[in-house]
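Chains as they are written, first to last, in the working numbering: chain U, 123 to 234; chain D, 576 to 687. All remarks here apply to the structure that follows.
So this is what it looks like as structure tokens:
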């Protein structure tokens with residue numbers, strides 16, 4: 123069964139450093155998303171991406187965040203200057219033309 | 576002090592019993608609803624979905640019921656097993672390829 127792959131599974135970074143979280147969506151999906159989940163809380167939407175541009179973003183997704191699809195397979199989330207409160211699980215998801223959301227296993231980001 | 580994380584409500588059931596997990600959704604325009612299961616350290620795993628033009632859908636050991644009048648969604652798990660222990664989230668979408676809005680989550684604990 124096709125799956126969404128995320129790397130790394132765990133990233134530890136110092137406050138103020140830049141991090142890039144990587145995702146390989148399902149190959150025939152056209153819509154890509156990032157969500158995050160702070161420990162013990164619900165999953166929150168960050169951004170959606172379609173046709174090489176952001177289609178929607180939440181209030182959380184401020185100027186410190188950016189997304190990119192650098193090639194035909196990868197989808198990345200960059201946090202320019204990490205803060206302690208950015209510590210969370212970050213989930214990538216992709217979907218096809220009709221629903222079919224699939225989530226990756228997540229990257230645990232720890233900012234120290 | 577500040578709550579770093581929310582304490583999720585817990586449903587405790589005996590192995591072999593049926594479980595019913597409830598969710599109230601917020602957007603009356605939502606067209607599509609999904610139940611996800613999340614095990615510790617993993618991403619949300621699709622269980623079952625339902626469109627707004629349906630009020631019931633059955634899968635293997637699971638049934639989702641939708642009551643649009645009161646904006647209520649429920650997940651029924653038949654013959655609950657220890658492997659069903661996890662956090663369960665409902666999620667809603669206003670349309671295909673939109674952002675998912677997740678509910679708060681409920682922890683299901685299965686007693687052997």
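All C-beta atoms, glycine included, are put in the ideal place defined by N, C-alpha and C.
In this structure, the alpha-carbon of residue 194 of chain U lies about 9 Å from that of residue 149 of chain U. Here the alpha carbon of residue 124 of chain U sits roughly 22 Å from the alpha carbon of residue 169 of chain U. Look at residue 125 of chain U here: in three-state DSSP terms it is coil, with no helix or strand label. In terms of beta-carbon proximity, residue 175 of chain U stays away from the interface with chain D, with every pair separated by 7 Å or more. Around residue 622 of chain D, no beta-carbon contact reaches into chain U at under 9 Å, the shortest distance being about 12 Å. By the Cβ test, the region 638-651 of chain D is in contact with the region 614-629 of chain D, since at least three Cβ pairs between them sit closer than 8 Å.
Residue pairing by DSSP places residue 615 of chain D in no beta bridge whatsoever.
Residue 590 of chain D sits in coil when the DSSP states are folded into three classes, being neither helix nor strand. As DSSP reads the structure, residue 624 of chain D sits in a beta bridge with D:609. It is roughly 35 Å from the alpha-carbon of residue 171 of chain U to the alpha-carbon of residue 595 of chain D. The closest CA to that of residue 159 of chain U, considering only D:686, D:687, D:684, D:678, is found on D:678. As the crow flies, the alpha-carbon of residue 174 of chain U is around 27 Å from that of residue 604 of chain D. Take residue 609 of chain D, set aside five residues on each side of it, and the residues of its chain with a beta-carbon closer than 6 Å to its own are 624, 666, in chain order. Beta-bridge analysis with DSSP links residue 158 of chain U to U:166, U:212.
Look at residue 189 of chain U: its C-beta is not under 7 Å from any C-beta on chain D. Residue environment for residue 211 of chain U: buried (at least 16 other C-beta atoms within 10 angstroms of its C-beta).
Only 607, 609, 611, 613 from the region 603-614 of chain D bring a Cβ to less than 9 Å from some Cβ of chain U.
An exposed status is given to residue 585 of chain D, since fewer than 16 other beta-carbon atoms sit within 10 Å of its beta-carbon. The residues 143, 156, 189, in chain order, have a CB closer than 6 Å to that of residue 199 of chain U in the same chain once the five nearest residues on each side in sequence are set aside.
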